[in-house]
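Notes for the one structure printed next.
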Amino acid sequence: MFIGTVIGQLWSTKKVANLQSLRFLLVRPQGLNRAPNTDVVVAADVLGAGVGEKVMVAYGRAARLAVGDENCSIEAAVVGIIDNIDARGPDDTAPT
Amino acid sequence: MFIGTVIGQLWSTKKVANLQSLRFLLVRPQGLNRAPNTDVVVAADVLGAGVGEKVMVAYGRAARLAVGDENCSIEAAVVGIIDNIDARGPDDTAPT
Amino acid sequence: MFIGTVIGQLWSTKKVANLQSLRFLLVRPQGLNRAPNTDVVVAADVLGAGVGEKVMVAYGRAARLAVGDENCSIEAAVVGIIDNIDARGPDDTAPT
Amino acid sequence: MFIGTVIGQLWSTKKVANLQSLRFLLVRPQGLNRAPNTDVVVAADVLGAGVGEKVMVAYGRAARLAVGDENCSIEAAVVGIIDNIDARGPDDTAPT
Amino acid sequence: MFIGTVIGQLWSTKKVANLQSLRFLLVRPQGLNRAPNTDVVVAADVLGAGVGEKVMVAYGRAARLAVGDENCSIEAAVVGIIDNIDARGPDDTAPT
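Structure below.
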């Protein structure tokens, strides 16, 4: 899974039938202590995450289990809205 | 899933038997506020997406479910043609 | 799936038993309008692709379906030999 | 699988129901003889790995098998805490 | 699958129960005509590959099939020890 920030939403009228009831968010993956990059992942969302919120995103079957439909055509979904991150930054990492 | 732009099509006569009836598009993945790059993904398409259209592409079993054949040899497919994207660009992102 | 050029072959005597009858090609992934890079994917091949041919390669279960054995230890296979590619180059892409 | 260092933890109250009992670590992937980078993977953990420990992380179904629930929405998990690594650095590698 | 060179081994005492009997190698992926990089993949091995040997590594279910246990928590395994590679270098590639 990865951490990302919700930056928006997308809409598609002409889509695969098994996706009719899903909401799709744009999520920008983030590292720690690093400016957000410009890559974007499209993730299905059933938790109601809003723009600016930090979320945890999972790929593959994990994503389909998250939206409660193992036979829908998604491979990325928000699996949690993040309350708190407690991490040591790269500068604090002990030498290896 | 990722967002991409359809840039063309490819044809293959000598191919795996389970792919006979499929149409294959070339899709260039895109970030936001970023020039398209030169990487290209080959995605099966049953929605009739045309060159220049923005599409949502899914990988793996999600792709096979999208084309309606769980036993075909694809692992990428167009799952939706995008009508609208509402996203905050990287420059508008709140500091983290 | 991705587009690549067959650049060679590899041989392995000591290998997993379920791979005994397979042929392994070296495939270099390619973008459009871009010089080939030096990364190499090992792909099983049952289509008889030759050095210099452009091929379409699929990963995962799609690859095992392509070689006709869902229980072999491969995760990449040639699924088609490409006859023709019709693509707009990056320079022709409409501004986004 | 990859080698990484545990650098922290994250908490999520609003999450997919099948994740209620899991602990989530932040793991920074590492190469050999190389400074840690700033990418971060979120991995479920049932081994009790602590900050600063080197761990082995697996993706996909392997991760779900590691936490003992094939139907939970994770795709990365700590599968081992590393005691010892015996590796030749890049500078010792024989020319190819 | 990819080609890599075995550069070492790792040991883990505290690990997921389904991994007890496996040997874990460190494999550095390699392109052709290119110096080895510093990225490292952890791959299970049942073929007895030694340091310095070139191997073929597969991911996902292919890896679990290679070690003969579909329910173990690995997603990378050595599937063959390479005897010979016959490849045209990038400089010999016909212009595209």
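Residue numbers (this note's numbering), protein chains in the order written: chain A, 4 to 99; chain D, 4 to 99; chain G, 4 to 99; chain X, 4 to 99; chain C, 4 to 99. Every residue gets a Cβ at the ideal spot worked out from N, C-alpha and C, and that includes glycine. For clarity, every value in this text was computed on a predicted model and none was experimentally measured.
{"Item": "Among the residues of its own chain, which have a CB less than 6 angstroms from the CB of Asp48(G), if the five just before and after it don't count?", "Value": "Arg26, Leu28, Val81"}
{"Item": "Taking the straight line between their C-alpha atoms, what separation do you get for Ser76(D) and Val45(D)?", "Value": "12 angstroms"}
{"Item": "Straight-line CA distance for Ile84(X) to Ala90(D)?", "Value": "40 angstroms"}
{"Item": "Among the residues of its own chain, which have a CB less than 7 angstroms from the CB of Phe5(A), if the five just before and after it don't count?", "Value": "Pro32, Val60"}
{"Item": "Measuring only the C-alpha atoms, how far is Gly71(C) from Glu73(G)?", "Value": "14 angstroms"}
{"Item": "On the criterion of 16 or more Cβ atoms from any shown chain inside 10 Å, does Ser15(X) qualify as buried, or is it exposed?", "Value": "buried"}
{"Item": "Return the CA-CA distance between Tyr62(C) and Glu78(D), expressed in angstroms with no decimal places.", "Value": "15 angstroms"}
{"Item": "Could you tell me which residues DSSP pairs with Thr16(A) in its beta bridges?", "Value": "Partner(s): none; Thr16(A) has no beta bridge."}
{"Item": "Indicate whether Val30(G) and Thr8(G) have their beta-carbon atoms separated by less than 8 angstroms.", "Value": "yes"}
{"Item": "Check whether the Cβ atoms of Ile88(X) and Leu13(C) lie closer than 8 angstroms to each other.", "Value": "yes"}
{"Item": "Please tell me whether Leu50(C) has its Cβ less than 8 angstroms away from any Cβ of chain X.", "Value": "no"}
{"Item": "Just confirm the distance between the C-beta atoms of Asn21(X) and Leu68(A), as a whole number of angstroms; I'd bet it's less than 8 angstroms.", "Value": "6 angstroms"}
{"Item": "Distance cutoff 8 angstroms, beta carbons only. Does Ala65(A) sit that close to anything in chain X?", "Value": "yes"}
{"Item": "Which same chain residues end up closer than 7 angstroms to Val58(X) when comparing Cβ atoms and leaving out the 5 residues on each side of it in sequence?", "Value": "Gly7, Val9, Val30, Ala52, Val81, Gly83, Ile84, Ile85"}
{"Item": "First and last residue of the alpha helix (DSSP H) that includes Arg64(A)?", "Value": "64-70"}
{"Item": "At what residues does the beta strand (DSSP E) containing Val30(G) begin and finish?", "Value": "26-32"}
{"Item": "For the beta strand (DSSP E) that contains Gly53(G), what are its first and last residues?", "Value": "No beta strand (DSSP E) holds Gly53(G); DSSP gives it neither H nor E."}
{"Item": "In chain order, what residues of the same chain have a beta carbon less than 8 angstroms from the beta carbon of Arg64(G), not counting five sequence neighbours either side?", "Value": "Glu73"}
{"Item": "Report the neighbours of Glu78(C) on chain X: residues whose CB is nearer than 7 angstroms to its CB, in chain order.", "Value": "Met4, Ala61, Tyr62, Gly63, Ala65"}
{"Item": "Roughly how many whole angstroms lie between the Cα atoms of Gly34(C) and Gln23(A)?", "Value": "42 angstroms"}
{"Item": "Go ahead and pull the three-state DSSP assignment for Asn3(C).", "Value": "With chain C running from 4 to 99 in the structure shown, residue 3(C) is simply not present."}
{"Item": "Quick one: what does DSSP say Ile77(X) is sitting in, helix, strand or coil?", "Value": "coil"}
{"Item": "What would DSSP say about Asp89(D), mapped onto helix, strand or coil?", "Value": "strand"}
{"Item": "Identify the contact partners of Gln12(A) in chain D, using a Cβ-Cβ distance below 7 angstroms as the criterion.", "Value": "Asp89"}
{"Item": "Against chain X, does Ala46(A) count as a neighbour if the rule is that its beta carbon must be under 8 angstroms from one of theirs?", "Value": "no"}
{"Item": "Got a sec? Which residues, its chain only, sit under 7 angstroms from Val1(X) by beta carbon, not counting five neighbours each side?", "Value": "This structure does not reach residue 1(X), given that chain X is present from 4 up to 99, and the question cannot be answered."}
{"Item": "Val60(D) by DSSP, collapsed to three states: which one?", "Value": "strand"}
{"Item": "Please report how far the alpha carbon of Lys17(X) lies from the alpha carbon of Ala66(A), in whole angstroms.", "Value": "16 angstroms"}
{"Item": "May I ask you to report which of helix, strand or coil DSSP gives Val43(X)?", "Value": "coil"}
{"Item": "Against chain D, with Cβ distances strictly below 8 angstroms, would Asp72(G) count as a contact?", "Value": "no"}
{"Item": "Report yes or no: is there a C-beta of chain X within less than 8 angstroms of the C-beta of Leu68(C)?", "Value": "no"}
{"Item": "Going along chain X in order, which residues have a C-beta closer than 7 angstroms to the C-beta of Val82(C)?", "Value": "Here the premise fails: no neighbours, minimum Cβ distance about 15 angstroms."}
{"Item": "Spell out whether any CB of chain C is found under 8 angstroms from the CB atom of Ser15(G).", "Value": "yes"}
{"Item": "Interface residues of chain A around Val30(X) at Cβ under 8 angstroms?", "Value": "By Cβ distance, chain A contributes nothing, its closest Cβ being about 10 angstroms from Val30(X), past 8 angstroms."}
{"Item": "So what does Ile10(X) bridge to, in DSSP terms?", "Value": "DSSP lists no partner for Ile10(X)."}
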